[in-house]
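> Please find one structure pasted underneath; my questions will follow.
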Amino acid sequence: MTNVERVIEYIDLQPEESPNVKNLRSLPPQWPIGGIVFDNLSFRYSSTSSWVLTNINISIQPNEKIGIVGRTGAGKSSLIQSIFRMAELNGRILIDNVDTQQISLYDLRRHISIIPQNPVLFNDTIRINLDPFGEYSDIEIWNALDEVQLKSDMIDGLQQQVTEGGSNFSVGQRQLICLARALLRKNKILVIDEATANVDHRTDGLIQLAIRRKFVNCTVLTIAHRLRTIIDSDKILVLSHGQVMEFANPYELLCEDQSQFAELVSQTGDREAAHLIQQAKMTARARHS
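The opening residue of the sequence shown carries number 1 in the UniProt record's numbering; numbering runs sequentially from there.
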């Protein structure tokens, strides 16, 4: 019965707009810079479903690093999907004062890079996976692979084959490939959905180092499953049941009584919590020095 219901669901699914749809407004030169405003945003997956995000009002400055946290079902992934206009929006998302509903999906999505939690790669060459539209030279692609320390893994060069779904690469390697793709694109907005699967320490370190070194002048939104990776963020966004509970500097939140972020930190255990608090404190001092 579930399969029948799923087929019916697909039949009723509204198609996305054509790639040839024109923008309702012209885009400024060098758009986007990276500022994002959620203006009374609500979001749901269909016209008959419940809202999974309600009344989101936050402003993110260009180049800010934002850690997004919350329990399962809090709305973290839905927030990211709203940026890409994956379903129905009520309210507005402005990227550098441009309403995302007034530009084509093609222009919107090509200007935002994403590293998904479980990246799926094409059954083709590594070159096609990194540059499916043939926009970059071999040298640029090799440089991107070198930046994420995957160059030596490509024993067959850029013609290295990728099996279906990228199953011949680990989850961490697939994320590094997506990171190399983001380096090629040079977009000013990067979205990261941190892998929940076990990623070896070396690969995890490479990902974190590359993000901190190569995306300094980018707005980075990270859905975090490990607080260590976002404790040095400019701000932490705490979501619960599709609503914003907290949005502030990590150390400020840790200093507040009854802070939900402080509660999440305390649940990591005494030793880890002490490390996180110290790291947040040091980062806050460095910003104000």
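No residue lacks a Cβ here, since even glycine has one placed at the ideal position from N, Cα and C.
#1: Determine the direct distance from the alpha carbon of L276 to that of A195, and round the result to whole angstroms.
#2: As a quick exercise: from T100, F261, S233, pick the residue whose alpha carbon is nearest that of R287.
#3: Taking its Cβ as the centre, do 16 or more other Cβ atoms sit within 10 Å of E246, making it buried, or is it exposed?
#4: Within the chosen definition, does the segment 44-61 reach the segment 248-268 through at least 3 CB pairs nearer than 8 Å?
#5: Could you tell me whether the segment 197-212 touches the segment 28-42, using the rule of 3 or more Cβ pairs below 8 Å?
#6: With distances taken from CA atoms, which of N143, S152, L184, V171 is nearest R110?
#7: Shortest alpha-carbon distance to V69 belongs to which of A284, S152, V244, D107?
#8: Among V171, I192, L239, whose alpha-carbon lies nearest the alpha-carbon of R202?
#9: If you drop the 5 nearest sequence neighbours on each side, which residues of the same chain put their C-beta closer than 6 Å to that of V98?
#10: Classify S78 as helix, strand or coil using the three-state DSSP reduction.
#11: Let me check one thing: in DSSP terms, what residues is F215 bridge-paired to?
#12: If we call anything under 8 Å between Cβ atoms a contact, is P32 one with K281?
#13: Closer than 7 Å by C-beta to A273: which residues in its own chain qualify, once you throw out the five before and the five after it? Chain order, please.
#14: Can you tell me which of P132, G165, S167, E164 puts its alpha carbon nearest to the alpha carbon of L158?
#15: Ends of the beta strand (DSSP E) at T229?
#16: Can you tell me whether L24 is buried or exposed, with buried defined as 16 or more other CB within 10 angstroms of its CB?
#17: For the 8 Å Cβ check, are there 3 or more pairs between the segment 102-119 and the segment 139-147?
#18: Please classify V216 as buried or exposed, where buried requires at least 16 other C-beta atoms within 10 Å of its C-beta.
#19: For V162 versus I115, is the C-beta distance shorter than 8 Å?
#20: Starting from the Cα of N140, find the closest Cα among A182, N123, I230 and give me that residue.
#21: How would you write the range of the alpha helix (DSSP H) that T283 sits in, first residue to last?
#22: Extract the residue ranges of the beta strand (DSSP E) inside the segment 159-201, only unbroken runs of 3 or more that lie entirely within it.
#23: In the DSSP assignment, find the beta strand (DSSP E) that holds E246 and state where it starts and stops.
#24: Less than 8 Å between the beta carbons of L53 and S26, yes or no?
#25: Give every residue of the same chain whose Cβ lies closer than 6 Å to the Cβ of V191, excluding the five residues on either side of it in the sequence, and list them in chain order.
#26: Looking at the unbroken beta strand (DSSP E) that takes in I95, where does it start and where does it end?
#27: Can you tell me where the beta strand (DSSP E) with I33 in it begins and where it stops?
#28: Nearest to L85 by CA position, among G165, Q101, R71, Y136, is which residue?
#29: Short of 7 Å in beta carbon distance, which residues of its chain neighbour V199, apart from the five on each side in sequence? Order them along the chain.
Straight from the coordinates:
#1: 20 Å
#2: S233
#3: buried
#4: Taking a cut-off of 8 Å on C-beta distances, the segment 44-61 does not touch the segment 248-268, as fewer than three cross pairs fall below it.
#5: no
#6: When each option's Cα is compared against that of R110, the closest is L184.
#7: Looking at A284, S152, V244, D107, the one whose alpha-carbon comes closest to that of V69 is V244.
#8: V171
#9: For V98, where only same-chain residues beyond five positions count, there are no Cβ hits under 6 Å.
#10: helix
#11: F215 is not bridged to any residue.
#12: no
#13: Excluding residues within five positions, the ones whose Cβ falls inside 7 Å are V265, S266.
#14: P132
#15: First-last for T229: undefined, no H or E at that position.
#16: L24 is exposed by the Cβ-count criterion.
#17: No, they do not touch.
#18: exposed
#19: no
#20: In the sequence on display, residue 140 carries Glu and not Asn. That would be A182, whose Cα lies nearest to the Cα of E140.
#21: 270-288
#22: 189-193
#23: 243-248
#24: no
#25: I80, I114, L221
#26: 88-95
#27: From DSSP, I33 is part of no beta strand (DSSP E); its letter is neither H nor E.
#28: Here residue 85 turns out to be Arg, not Leu, going by the sequence shown. Taking only the C-alpha atoms, the option nearest R85 is Q101.
#29: V171, G172
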